[in-house]
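Participant: Supplied in structure tokens, the structure appears directly below.
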Amino acid sequence: MAVKKTQRTLQKICKKGEGKPRTFIASIQRDVITKPLLALFPETPPEAIYYELLQNGLYEPRDSAELMDIVMQLEKKELWTLAEKEYNRLKKLWNGPEAEIYIYPLTRKRPSIGGSMANKNGVAYKNVLFLFVAPELTEHEFYALLAHEYHHICRIAFLGSSPAEHSLKESLVIEGMAEAAVEELYGEEWLSPWAQRYSEAEAKEIWKQHFVPALDNIGVGNHRPYLYGDRRRRIPPWGGYSTGYRLVKSYLEQNEAISQEKLYKLSSDEIINGSSFSERPE
15 MAVKKTQRTL QKICKKGEGK PRTFIASIQR DVITKPLLAL FPETPPEAIY
65 YELLQNGLYE PRDSAELMDI VMQLEKKELW TLAEKEYNRL KKLWNGPEAE
115 IYIYPLTRKR PSIGGSMANK NGVAYKNVLF LFVAPELTEH EFYALLAHEY
165 HHICRIAFLG SSPAEHSLKE SLVIEGMAEA AVEELYGEEW LSPWAQRYSE
215 AEAKEIWKQH FVPALDNIGV GNHRPYLYGD RRRRIPPWGG YSTGYRLVKS
265 YLEQNEAISQ EKLYKLSSDE IINGSSFSER PE
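First residue of the sequence shown? That's 15 in this note's numbering, and the numbers climb one at a time after it.
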């Protein structure tokens, strides 16, 4: 089964941590959550795996008092069943690779996007993805999150390289491709709030001013200021995500209809050169 029964993992954490101090609960949570992941990340210590998940939205030990109630709410929405069915549909539709899917509650410490508190986040690695969701998440929002992250899985499998080896232009394209896939599947209304934060004209200005000189910068860890924004560098909030979406949309508008399977197998240079963003300084 692709979708792991993480609700059982969460229930186990609740049972083991009942009446225990927060520091003990944190240790339990780290050990129980990371144990099945060690084979997927054999060169990474459990502490680093756990920290990475926390950084991407995993609920924190301080939220443990509410954990069982949150798990019950998520089970009532049948998210694990919905995920399995939609994953199988997308895998067939996109001729995508096998993937393991882990669903966990989202931390209460969430960023605000477009004036609204975030209610979901996800992160994808080679053949494994993590979905962090809030109880108030709707079914369509959940589908959009799953599709976005599974599209990353497809792209990463095609590239055959790790995010640490990706250039900035690849990070922009991979995010834009995933959001374009969401729009194609479910409609414009289910795009992430950041996708249309900037118009195409605004995105082109961001592209020319901030991204073109840095397109070949390597390592996703170095791309965060470009993707999320950086006040010191005057890169606007969510500039990279929005620009990536506008870039891929421009390519799709200027080329004949193309399937998602063919799209995620195009190089980032093919996307850029086939779009209206293709102007680069000599």
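Beta carbons are placed, not taken as given, at the ideal position from N, Cα and C, and that holds for glycine.
#1: If the criterion is Cβ atoms closer than 8 Å, does the pair Val196 and Trp208 meet it?
#2: Please state the DSSP three-state secondary structure of Asp77.
#3: Am I right that Asn299 and Phe144 are in contact with their C-beta atoms under 8 Å? What's the rounded C-beta distance?
#4: Since Glu260 and Ala194 are thought to touch, with beta carbons under 8 Å apart, how far apart are those beta carbons, to the nearest angstrom?
#5: Enumerated in chain order, which unbroken segments of the alpha helix (DSSP H) with a length of 4 residues or greater are wholly contained in the region 203–258?
#6: Can you look up Asn141 in the DSSP assignment and give me helix, strand or coil?
#7: Can you give me the C-alpha to C-alpha distance between Asp283 and Ile27, rounded to a whole angstrom?
#8: Looking at C-alpha atoms only, which residue of Leu68, Asp45, Ile220 is the closest neighbour of Arg122?
#9: Taking the CB atoms as reference points, tell me whether Tyr255 and Glu189 lie closer together than 8 Å.
#10: From the DSSP output, in three-state form, read off Glu189 for me.
#11: Shortest alpha-carbon distance to Thr23 belongs to which of Glu66, Pro60, Met82, Phe55?
#12: On the three-pair Cβ rule with 8 Å, is the region 149–156 touching the region 174–185?
#13: Quick one: any contact between the region 106–117 and the region 31–44, if contact means 3 or more CB pairs under 8 Å?
#14: Identify, in the order they occur along the chain, each residue of the same chain with its Cβ nearer than 8 Å to the Cβ of Leu96, setting aside the five sequence neighbours on each side.
#15: Could you tell me which of Phe55, His162, Asn141, Glu66 sits nearest to Met191, measuring between CA atoms?
#16: Cα separation between Pro295 and Gln21?
#17: Compare the C-alpha of Lys140 against each of Ala113, Ser281, Tyr118 and name the closest.
#18: Counting C-beta neighbours from all protein chains within 10 Å, is the total for Ala138 16 or more, i.e. buried, or is it exposed?
#19: From which residue to which residue does the beta strand (DSSP E) around Glu114 run?
#20: If you count every other CB in all the chains shown that lies within 10 Å of the CB of Gly253, and 16 or more means buried, which is it?
#21: With C-beta atoms as the reference, is Pro149 less than 8 Å away from Leu88?
#22: Near Glu214, which residues of its chain fall below 6 Å by C-beta distance, leaving aside the five closest residues on each side in sequence?
#23: On the criterion of 16 or more Cβ atoms from any shown chain inside 10 Å, does Arg31 qualify as buried, or is it exposed?
#24: Got a sec? Which residues, its chain only, sit under 6 Å from Gly233 by beta carbon, not counting five neighbours each side?
#25: How many whole angstroms separate the CB atoms of Pro75 and Arg103, which I take to be in contact at a CB cut-off of 8 Å?
#26: Taking a contact to mean a Cβ-Cβ separation below 8 Å, would you say Lys279 touches Phe172 in this structure?
Facilitator: The structure says:
#1: no
#2: helix
#3: Within the shown structure, residues of the chain are numbered from 15 to 296, placing residue 299 beyond reach of any answer.
#4: Per the sequence shown, residue 260 should be read as Arg rather than Glu. So it is not a contact: roughly 10 Å between Cβ atoms.
#5: 214–220, 238–242
#6: coil
#7: 46 Å
#8: Nearest C-alpha to Arg122 among Leu68, Asp45, Ile220: Leu68.
#9: yes
#10: helix
#11: Met82
#12: no
#13: no
#14: Take Leu96, set aside five residues on each side of it, and the residues of its chain with a beta-carbon closer than 8 Å to its own are Glu153, Phe156, Tyr157, in chain order.
#15: His162
#16: Only weak support exists for where Pro295 lies, its pLDDT of 45 falling under 50; the coordinates are left without a value.
#17: Ala113
#18: Per the 10 Å Cβ criterion, buried.
#19: Glu114 -> beta strand (DSSP E) spans 114–119.
#20: buried
#21: yes
#22: Arg260
#23: Checking the displayed sequence, the identity of residue 31 turns out to be Gly instead of Arg. Looking at its Cβ environment, which holds 16 or more other Cβ atoms inside 10 Å, Gly31 is buried.
#24: Ala178
#25: At roughly 35 Å, the Cβ-Cβ gap does not stay under 8 Å, so Pro75 and Arg103 are not in contact.
#26: yes
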